[in-house]
Structures are given as C-alpha cells and as structure tokens.
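All residue numbers for the sequence shown refer to the numbering used here, where the first residue is 5 and numbers rise by one.
What follows is a set of notes on a single structure, which appears directly below.
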Amino acid sequence: VLPVEVNNQNWKLTQKGSTYSISFPTLKGEKRIPIEVASPHWQPVLDGLLEETIQGGSFKLIKHRNKWYAYLSITEDVPEVETEKTLGCDRGQNNLAVVAPKEGFGKFFNGQSVKHRRRYFQQRRKQLQEAKKFRALKKWNKKEQRWMEAINHTVSRRIVRFAEYHNADIVIEDLEGCR
Numbered sequence: 005v006l007p008v009e010v011n012n013q014n015w016k017l018t019q020k021g022s023t024y025s026i027s028f029p030t031l032k033g034e035k036r037i038p039i040e041v042a043s044p045h046w047q048p049v050l051d052g053l054l055e056e057t058i059q060g061g062s063f064k065l066i067k068h069r070n071k072w073y074a075y076l077s078i079t080e081d082v083p084e085v086e087t088e089k090t091l092g093c094d095r096g097q098n099n100l101a102v103v104a105p106k107e108g109f110g111k112f113f114n115g116q117s118v119k120h121r122r123r124y125f126q127q128r129r130k131q132l133q134e135a136k137k138f139r140a141l142k143k144w145n146k147k148e149q150r151w152m153e154a155i156n157h158t159v160s161r162r163i164v165r166f167a168e169y170h171n172a173d174i175v176i177e178d179l180e181g182c183r
C-alpha cells in the first residue's frame, strides 16, 4: 500500500478544543482526520502552523505496525547564531570524519569498523546474487542502508555537539596536507 501524499496547497490543519485535525481532498470528497500529538515537543510546531508563523509543506499518511502517522514537512525561520570560531570538517574513507579547530585538539571518527562491515555486506551480497536470492538481497541492501544511515546520523550529531561546545561554525573542507 502506497502512503497518501498531499502537497502543501491541498491540506489544512485545524484545531477544535485540544484536538487537532488535518483535512485533505480525496476522490470521494474532503477527508478530515483527527491527529494526536505524539510529544509535547511538537505542540509549538502545530500552533505555529495554525498561526501561520511556520510554513507547511507536503504531508504523508503512513501506516506502520497498525498505527497511522502523519509526516508533515515544515519551513521555519531560525535565528542566526553568533559564533567566534570555525571548525574544519573533512570526510574520508579511513576516517569517516575529522573535525579540527584552528587551535587545540581535533576529533577523529575512525572508519575501520565501517570498512570491515561494508566488506562483509559486499561479500554477502555477492553470495545472494550468485544464488539468485533477489528478495533476500533487497532486504539485505535495506539493512545495510539503515545501518549506514544510523552511523552517519551518530557521527553528524557528535560533530554538531563538538561545534556547539567550541561555539564554532562547521566548514566542510579538504584538510589534506594539514599535518
């Protein structure tokens, strides 16, 4: 089943009492569904959408484990952050990322375990292809993709935390030859 996707012009968020609802057009007319706020963190976002201080994008209705979820994309203006320093960040194969301030010690994110695991995935993919197990291969590829996304997310969050600690901007650059 494909998820329902509605562009930013065709859906509307309303609130009656403490209940929010989203309405959107269907072939059989307008459909309105009540939504439950999953976390108090999202309350100001929904209020901003109602007050039009936050701009709404498209939204998707997705069923996951017998529960329906509404994924809303939004555009929100965020204030500029004043920083005094910059951090250089370089991506690579042996080290997933290297973050270095002008003075002081940098941070290395080693990629050896990632290289090892990717070789394992590659070897397993080859075995599945030779055995013509295409469904298992597709499942395996998605597993590798999810794992790599989790690794990248973790590294990026640690880089951002490092930059926040140093009150610095992050500049993606080529640090080759900086020894």
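All C-beta atoms, glycine included, are put in the ideal place defined by N, C-alpha and C.
At the level of alpha carbons, what is the spacing between residue i and residue j?
{"i": "P7", "j": "R69", "result": "14 Å"}
{"i": "S27", "j": "L17", "result": "7 Å"}
{"i": "E9", "j": "G60", "result": "13 Å"}
{"i": "T30", "j": "K137", "result": "39 Å"}
{"i": "S62", "j": "W72", "result": "17 Å"}
{"i": "K106", "j": "T87", "result": "14 Å"}
{"i": "A135", "j": "R122", "result": "20 Å"}
{"i": "M152", "j": "A42", "result": "27 Å"}
{"i": "N14", "j": "K64", "result": "12 Å"}
{"i": "S117", "j": "Q127", "result": "15 Å"}
{"i": "T57", "j": "R139", "result": "46 Å"}
{"i": "D51", "j": "K32", "result": "29 Å"}
{"i": "G115", "j": "F109", "result": "19 Å"}
{"i": "E84", "j": "N156", "result": "25 Å"}
Can you give me the Cβ contacts of residue i inside the same chain, cut-off strictly under 8 Å, excluding the 5 residues immediately before and after it?
{"i": "I174", "result": "T90, L91, C93, V103, I163, V164 and A167"}
{"i": "K35", "result": "S27, F28 and P29"}
{"i": "Q133", "result": "L141"}
{"i": "E177", "result": "G92, C93 and D94"}
{"i": "S25", "result": "L17, T18, Q19, R36, I37, P38 and I39"}
{"i": "Q47", "result": "V41"}
{"i": "N171", "result": "T87, E88 and K89"}
Who does residue i pair with in a DSSP beta bridge?
{"i": "N99", "result": "N114"}
{"i": "S186", "result": "Here the chain comprises residues numbered 5 to 183, so residue 186 is not present and cannot be evaluated."}
{"i": "L31", "result": "BP columns for L31 are empty, so no partner."}
{"i": "L6", "result": "In the DSSP output, where bridge partners are listed per residue, L6 has none listed."}
{"i": "G92", "result": "A104 and V175"}
The beta strand (DSSP E) spanning residue i covers which residue range?
{"i": "D173", "result": "A172 to I176"}
{"i": "G60", "result": "Q59 to H68"}
{"i": "L54", "result": "Counting along the chain, L54 falls outside any beta strand (DSSP E), though it belongs to the alpha helix (DSSP H) covering Q47 to E55."}
{"i": "L76", "result": "K71 to T79"}
So, for residue i: in the same chain, excluding its five sequence neighbours on each side, which residues have a beta-carbon less than 7 Å away from its beta-carbon?
{"i": "V159", "result": "L100, A101 and F113"}
{"i": "N12", "result": "G60, G61 and S62"}
{"i": "P44", "result": "none"}
{"i": "V49", "result": "I58 and I78"}
Using a Cβ-Cβ cutoff of less than 6 Å, which residues in the same chain neighbour residue i once the five nearest sequence positions on both sides are dropped?
{"i": "L76", "result": "F63"}
For this session: Let me know the alpha helix (DSSP H) ranges lying completely inside the region 124-167, each 4 residues or longer, listed in chain order.
Result: Taken in chain order, the region 124-167 contains no complete alpha helix (DSSP H) segment of 4 residues or longer.
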